[in-house]
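Engineer: Sharing a structure with you now.
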Amino acid sequence: MDYAVPGLAEADVADTPLSQFSKWLAEAQAAEVPEPNAMSLATCGPDGPQVRVVLAKDVDPYGVTFYTNLDSVKAQDLAQDSRAAAVFAWLAQYRQVRVRGPVVPLGRQVAASYFATRPRGAQIGAWASPQSQVIASREDLVERITEAEQRFPEDVPVPLPERWGGYRIKPTVVEFWQGQPSRLHDRIRFESLQAEARLDDASAWGLERLAP
Ligand SMILES: Cc1cc2nc3c(=O)[nH]c(=O)nc-3n(C[C@H](O)[C@H](O)[C@H](O)COP(=O)(O)O)c2cc1C
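For what it's worth, the working numbering labels the leading residue of the sequence shown as 75, then goes sequentially.
Printed below as a string of structure tokens:
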């Protein structure tokens, strides 16, 4: 496929990874890309890498936030090795954004605030589903859901499960890829020049072009 879309010139790249990311995310949303905040998240496990899709709930100066079950494979991987990588793929625009960096757990308070905003069905699901564990059948899952529903009556807020929470990827590298005609794609990489580089601090990042 020949990508006849505007390229990504150094002169047009935003001066921080956060503003460039926000611009592309807004464009993906405007184009009604399904689940524009979905990212494939890779972790390092004892048997090698694992990758799965999660939703980025926030991308702010401090990093990329996602939520999950704290006993899941990804959580176990991260407990052993905090390094992770993620990619957002907005294929309708011939774009991807790759991030790499260490992952830190979010505090319980932050997770509880976010959990409280989730639809009740998702809250019940978080209590009922032993994510990534083998279960006997679909009926078994439905039974667990019914039990959780009975445990938390309709008029009572569903509390944060003990084994559910959030993480933040603190990127040290953010790469923007824009498909271009004749495979002359644009790749612009921000690399952090200092520890704890804020994604909205232009002085904290160096910019390079990579061969496609
Ligand atoms: C579009 C999409 C969004 C998803 N969002 C999440 C999410 O935000 N958190 C999560 O734990 N799993 C999410 N999942 C499910 C994960 O891909 C995965 O199946 C699950 O987290 C278990 O992964 P693990 O066994 O590697 O820990 C999502 C899947 C899809 C396809």
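C-beta: ideal position from N, C-alpha, C; glycine also.
Does at least one heavy atom of ligand 1 sit under 7 Å from the Cβ of S266?
Structural biologist: no
Engineer: From what residue to what residue does the beta strand (DSSP E) around V248 run?
Structural biologist: V247 to Q252
Engineer: In three-state DSSP terms, what is R292?
Structural biologist: The structure shown does not extend to residue 292, since the chain is modelled only from 75 to 286, so the question has no answer here.
Engineer: By how many angstroms is the C-alpha of E109 removed from the C-alpha of F264?
Structural biologist: 25 Å
Engineer: Could you tell me how far apart the beta carbons of Y188 and Y136 are, in whole angstroms, since I believe they sit closer than 8 Å?
Structural biologist: That pair is no contact at about 15 Å.
Engineer: Please output, in chain order, the residues near ligand 1 using a CB cut-off of less than 7 Å to any non-hydrogen atom of the ligand.
Structural biologist: E109, A112, Q124, R126, V127, V128, L129, F140, Y141, T142, N143, S146, V147, K148, A149, Q205 and S206
Engineer: Buried or exposed: where does P245 fall if 16 or more other Cβ atoms within 10 Å of its Cβ makes it buried?
Structural biologist: Flag for P245 reads buried.
Engineer: List, from N- to C-terminal side, the alpha helix (DSSP H) runs of 4 residues or more that fit wholly inside the stretch 94 to 164.
Structural biologist: Whole alpha helix (DSSP H) segments, 4+ residues: 147 to 154.
Engineer: Please return the same chain residues whose Cβ sits closer than 8 Å to the Cβ of D79, not counting the five positions on each side in sequence.
Structural biologist: Per the sequence shown, the amino acid found at residue 79 is Val instead of Asp. If we look at V79 and ignore the five residues flanking it on each side, its Cβ neighbours are Q167, Y168, Q252, G253 and Q254.
Engineer: If you draw a straight line from the alpha carbon of M113 to that of V171, how long is it in whole angstroms?
Structural biologist: 9 Å
Engineer: For V248, I'd like the list of residues in its chain whose CB is within less than 6 Å of its CB, leaving aside the five on either flank, ordered along the chain.
Structural biologist: P91, V173 and F264
Engineer: For V178, I'd like the list of residues in its chain whose CB is within less than 6 Å of its CB, leaving aside the five on either flank, ordered along the chain.
Structural biologist: R242
Engineer: Can you tell me whether T191 is buried or exposed, with buried defined as 16 or more other CB within 10 angstroms of its CB?
Structural biologist: exposed
Engineer: Taking only runs of the alpha helix (DSSP H) that begin and end inside the stretch 171 to 234, which ones reach a length of at least 4 residues, in chain order?
Structural biologist: 182 to 191, 194 to 202 and 212 to 225
Engineer: With burial defined as no fewer than 16 other Cβ atoms inside 10 Å of the residue's Cβ, what is the status of L82: buried or exposed?
Structural biologist: buried
Engineer: Just checking my contact of L234 with A271 at CB under 8 Å: how many whole Å lie between their CB atoms?
Structural biologist: Not quite, the Cβ-Cβ distance comes to about 30 Å (not below 8 Å), so this is no contact.
Engineer: Count the other C-beta atoms from every protein chain shown that fall within 10 angstroms of the C-beta of G239, then say buried if there are 16 or more, exposed otherwise.
Structural biologist: buried
Engineer: Any contact of the stretch 153 to 166 with the stretch 226 to 233, i.e. 3+ C-beta pairs under 8 Å?
Structural biologist: no
Engineer: Considering Cα atoms alone, identify which of L273, V125, Q94 and L99 is closest to W164.
Structural biologist: Relative to W164, the option among L273, V125, Q94 and L99 whose CA is nearest is L99.
Engineer: How about V138 and A160: do their beta carbons lie closer than 8 Å?
Structural biologist: yes
Engineer: Please work out which residues of its chain come closer than 6 Å, Cβ to Cβ, to D145, disregarding the five sequence neighbours upstream and downstream, and give them in chain order.
Structural biologist: R237
Engineer: Note the first and the last residue of the continuous beta strand (DSSP E) segment covering S266.
Structural biologist: D260 to S266
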